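What follows is a single structure, written as structure tokens, with notes after it.
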């Protein structure tokens, strides 16, 4: 019994000395926008590069990083330069990165000619200091122009 009291006392002393911080969960959630890809032009049928939405993450808790909250990434295409009212073209769910920043990407189609504006919305739910439920929408849309492919030269 004396040995058990010593171990219990040692554990309590360790908790007091560390402030129990090393035992707390460390969670990451999206916080603010960092950047969105630049405008691009492609020929119809060409292979497009991925558009990228970069964002900062918020860290709550202490100790080693343990997890990122579950986030839903939704990409939209619009025919006007706006980050609302677009048509959903892609959605996926993953865990937020446990780094100070993260990103998500989408590769637009070049099948039809026209001018399209793409934007991204990230939603999540959680609790704590900085990972309460929220939505983060890119503040700008990336313009993707798909032009007619050049015709073959004959003669």
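Numbering (my numbering), first residue to last: 707 to 861.
The beta-carbon is built from N, C-alpha and C at its ideal position, and this holds for glycine as well.
Being a predicted model, the structure only gives us computed values, none of them experimental.
Asked, Found
"Span of the beta strand (DSSP E) around residue 798", "793-801"
"Nearest-angstrom Cα separation, counted from residue 827 out to residue 855", "31 Å"
"Residue 779 vs residue 792 beta-carbon contact at 7 Å", "no"
"Own chain partners of residue 821 with C-beta closer than 7 Å, once the 5 adjacent residues on each side are dropped", "849 and 851"
"Residue 657 and residue 801 closer than 7 Å at C-beta", "Residue coverage of the chain in this structure runs from 707 to 861, which leaves residue 657 outside it and unanswerable."
"Whether residue 813 touches residue 754 by CB criterion (7 Å)", "yes"
"Residue 797 versus residue 860: straight-line alpha-carbon distance, rounded", "44 Å"
"Complete alpha helix (DSSP H) runs within the stretch 811-836 (minimum length 4 residues, chain order)", "none"
"Beta-bridge partners of residue 786, as assigned by DSSP", "None; residue 786 has no bridge partner."
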